[in-house]
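The structure appears right after this line, and notes come after that.
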Amino acid sequence: MASQLHKTLLCATLLLLLLLLLLPRAPLVKASLGSQGRALLHWKATLRSPQSLRSWNLNSSPCNWTGVTCNYLVASRGRSAITEVSLPSMGLSGPLDALDFSTLESLLRLNLSYNQFGGAIPPTISALSRLVSLDLTSNRFTSKIPVGMGSMKELQFLSLGQNQMVGAVPPSLSNLTSLVSLYLEDNKLMGVIPKELGRLHKLMYLDIGVNRLSGSIPSSLGNLTKLYHLDLYQNQLTGVIPRELKNLINLVYISISNNNLTGGVLSSFGNQTKLRLFLLSDNQLSGNMTKLKSLDLSDNQLSGSIPFEIGNLDICKGGALKYLTLYMNNFQGPIPTSLKNCTGLVRVRLEHNQLTGDVSQYLGVYPHLSYIDLSFNLFSGTLSPDWAKWHDLTRLRISNNNISGVIPTEFGQLTKLEDLDLSSNYLQGEIPRSFGSLTLLYNLSLSNNQLVGQVPLEFGMLSNLRLLDLSSNNLTGRIPDQLGNCTNLGSLKLNNNNFSGTIPLAIGYLVHLQDTFDVSHNSLTGEVPSQLSKLVMLQSLNLSHNSLSGHLPSSLTYMTSLSTIDVSYNELDGPIPDSPAFRRAPAEWFAHNLDLCGVVRGLPPCVTLGTPTKDDRSKRHKVVVIAIIAFVVFFLLLFIFIGAALRFHKRKKQPVPVDDNYIIEGAFSILNFDGRDVYKEIIEATEDFDAKYCIGSGAYGSVYRAELASGELLAVKKIHLPDTEGTFDEQPFQNEIQTRTQIRHRNIVKLYGFCSSPRHKFLVYEYMERGSLGSVLRSDTAAELDWVKRVSIVKDVARALFYMHHDCTPPIVHRDITSNNILLDSEFNACVSDFGIARLLKPDSSNWTMLAGTRGYVAPELAYTMRVTTKCDVYSFGVVTLELLVGAYGEELISILSSPSGNNVFVKDVLDQRLSLPVARVADEVIAVLTAALSCANNSPESRPTMKQVYENICAVKTPQGCGSLDALRLSDLMNADI
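So the sequence shown is residues -31 to -1, 1 to 948, counted in mature numbering (1 follows the signal peptide of the UniProt record, and there is no 0).
Next comes the structure, spelled out in structure tokens:
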């Protein structure tokens, strides 16, 4: 019985214990914070501006505090251990020495990056013996690196970069044998690179750039065979690069530029088959870099010869090297002849150096070459006919060298050529007639040579030509009428030659001439043709130093864009045309002629010889009276005739056909064409605005593509007219015309003319081949917009707004800057369009307005102030720029930034994921543009920069800023940056 009772009690006891074990364990309660929580609260009390740590209080568990993570699997006596403290970009400041690290022995990760912690890093931090990751990037620590950190042997990630730390790199860091990433960049560290770092066999990232380290690069770094990224940029390192570095076979990125390295050392990098980016200064390359695609040493102060070892690389043999960029240095001597083997070259830029030698001997046949620039060097020799085998070539620039000989006729086979600049050399002979085959050519500069003969008539076939410069040669004969077919010309320079004959009347067809028309210093005769008055966009006209005679046509007053006109040293007489351009001109521009007179200060006034007598005045009075009577009688008869005609048509009850003459007369204005002819051509080219020619549509109108008989492409915006019972808002139409006739800029779409009639209202624009930026971003071709192009587009738009806001009087506010109102040409050059709601900011006006613009791009203050300022455009520019960088609507990113989690968003996570991340200088430019965009999109107009500040800031990025890696950069780091 007792035994049975004993067994029963034992079973009951075991069941009770089992039930107790199965009960859920209570989490940490308010009353038992533990030593870890108390240590963190004590540290918080020493910090300044700890508002972001409001959740750190006695009323909640540390596991629920901001930035604190607990591990419930490592429990001790009912309490969870803190394993991570992550407080990046929280605006915290203060010391670290008040934190008792010994209580945080379970901590695995500590991230205090991008704050303002200062003073010393406490030696007691070495108590974190289990720590795997320590990130103190971008604070204000000024101490030495604690030697005791060498005992934190579990560390895999250590970043102390972007502080003000001093002293030497402690050799004890070599004890961190688990380390994968070591970032010590951008401090004030001195001394040598410890050779002991060669023991860190797991290291993949080593960045100690932008310090004051001296001595040589230790050969022991060659032991780091897993190294992926090596950055020693901008130190004071000397000596040669050790050959042992050839063992770093996994290197993808290396920067050793801005040091004092010497010697021929490229054999040190002979086996880096994965290398993608190689930045160095005044060093030499050799080896087996079979996957190196781009070598960029541009825009440095490098001197000496281009290393011959470059040509010996297997990159040339394998055809992997595509981009060779050495421009803007002080390289001297010849190009290595072995570059002939680089058959995979696509782009070569060697301009602005002091390179010498015979170019025809150094360059080979590159079947994929699309761009080569050798300008501003000391090259000699001749142009090789073999270069005609560069079938993909679009740009060839060899200006400002010592090239001699003739231009090969074979160059006419380069049918993809768009830009040819052979200026400022010693070329002789005639211009090849085969150039007429280069129908894609938009820039042709042969100036400052010794060319002879006549301008080929075949030039009339170059309909895409925008710049033609044949100045300062020995060309003779007449200026060919065929140049009038080059209707896209924006600049024409024929000065300093021996041209004879008259100025062709066909020059009047060059309606796009905007920059310069210069035929000075020739032997031209005859009168100045009145057809020049059609060049209403022209800014500079130079007819000086010829033998022109007769009067200056009074119609030249229509050339309202003229800022410079020089007709000196001719045989002209008569009055000067009365227009602002002529009135402002100095007398020197009209000097040394026969008898010019008129409105120019320094010229004699024009007078009428003889004084009319009383009889003369009486006779003239009678003539005037008779003329008036005849005029009145004529119009009475005309009205009677028109009335009879109308009554006749009404009686016949037939519909009245629309007469093109009626439409055109007094209602159609093509600024640069014959209005009557172009109107008919537009109607025919679009088949009376058939939908198949429509390339875009909006609330106010639709845009059509019109190809004229001459091949000229136009974009025609046909305004939506209401039904008979509706009303038409004329104001946007008038705004577009009024605004566009006052401004001319290369990044603003050109307005050629307009039509306003009962049947049609439309505007005629320059045709932009790639359409709107918005459509490109939302299409499958968005990947063509690489980071370089996107930065360039931002600069183009900023340049246009800078002009409108700061160079126009009064300033012009666009009010509808959107991605759909930014158009791209074939080269991805950007132009601002659609000025329908633009507004002139008059100083004597309040500038109040109704809310206008496109949702998502309109500045928020317009919703309640209704006052237009230039800062409205600045906001829209910021949204568009964010859209361009993100690849989605910029408004979405602004919403993210306004959310509580916005501060922790990484830059790399918001950039357009269709592109790989930018690196090096391109990354710096992207960061500068993103910084400007965030500043522009500020909700407060007072906090936004001006477009002048924006443009100057984004154009100022010329050297690497140390932001080449975007891995750790957050949007919050850029939001408060100064512009």
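Beta carbons: idealized from backbone N, C-alpha and C, even for Gly.
- For N922, the uninterrupted alpha helix (DSSP H) run begins and ends at 916 to 923, by DSSP.
- Taking 8 Å as the upper bound for CB-CB distance, P498 and I472 are in contact here, some 6 Å apart.
- Boundaries for I896: no beta strand (DSSP E) harbours it, while the alpha helix (DSSP H) harbouring it runs 889 to 905, taken from the DSSP string.
- As for any alpha helix (DSSP H) of minimum length 4 sitting wholly inside the segment 829 to 856, the runs are 839 to 855, ordered along the chain.
- Restricting attention to N180, S189, V179, the CA atom closest to the CA of E165 is found in S189.
- For the pair N511 and N539, the CB atoms are not nearer than the 7 Å cut-off.
- Beyond the five residues adjoining it in sequence on each side, L507 comes within less than 7 Å, by CB distance, of L482, Q483, F486, M528, S530, L531 in the same chain, given in chain order.
- Secondary structure of Q703 (DSSP, three-state): helix.
- Apart from sequence neighbours up to five positions away, the residues of its chain that approach S368 with a beta-carbon distance below 6 Å are S344, D390, S392, S393, ordered along the chain.
- If you ignore the 5 residues before and after Y340, its C-beta comes within less than 6 Å of the C-beta of R316, R364, all in its own chain and listed in chain order.
- Contact annotation: L182 and L151 have beta-carbon atoms that are not nearer than 7 Å.
- Straight across, the Cα-Cα distance linking P64 with T15 is about 8 Å.
- A straight line joining the alpha-carbon of G680 with that of T378 spans about 27 Å.
- Using a 10 angstroms sphere on the CB of N299, the tally of other CB atoms stays under 16, which defines it as exposed.
- The beta carbon of T823 is closer than 7 Å to those of D785, T787 in its chain, skipping five residues each way along the sequence.
- Taking 7 Å as the cut-off, the Cβ atoms of V149 and Q125 count as close.
- For Y152, the enclosing beta strand (DSSP E) begins and ends at 150 to 152.
- Look at S58 here: in three-state DSSP terms it is coil, with no helix or strand label.
- S460: not part of any alpha helix (DSSP H); member of the beta strand (DSSP E) spanning 460 to 462, first to last residue.
- Residue pairing from DSSP places K730 in a beta bridge opposite S725.
- For R181, there is no enclosing beta strand (DSSP E), as DSSP marks it with neither H nor E.
- Taking each of F731, I186, N192 in turn and checking the Cα distance to S224, the smallest one comes out for I186.
- Inclusion of C800 and V891 in the CB contact set at 7 Å is not warranted, their separation being larger than that value.
- Secondary structure of G333 (DSSP, three-state): coil.
- Per DSSP, reduced to three states, the secondary structure at N216 is helical.
- Judged by pairs of C-beta atoms under 8 Å, the segment 155 to 169 touches the segment 189 to 205, as three or more such pairs exist.
- Counting along the chain, R7 sits inside the alpha helix (DSSP H) bounded by residues 3 to 13.
- Of the candidates S492, N790, F702, S440, N790 places its Cα closest to the Cα of S741.
- In the DSSP annotation of this structure, the continuous segment of the beta strand (DSSP E) that includes D390 starts and ends at 388 to 390.
- Between the alpha carbons of W12 and D69 lies a gap of roughly 8 Å.
- Around the C-beta of V576, fewer than 16 other C-beta atoms lie within 10 Å, and the residue is accordingly described as exposed.
- G117 is positioned such that its CB atom lies no closer than 7 Å to that of P140.
- The beta carbon of A67 lies closer than 7 Å to those of H11, W12, T15 in the same chain, with the five residues before and after it left out.
- Around G543, the same chain offers H520 as residues with beta carbons nearer than 6 Å, after the five sequence neighbours per side are excluded.
- In this structure, V480 is the residue among T445, I400, V480, F468 with its C-alpha nearest to the C-alpha of Y734.
- Counting the other Cβ atoms within 10 Å of the Cβ of G313 gives 16 or more, which makes it buried.
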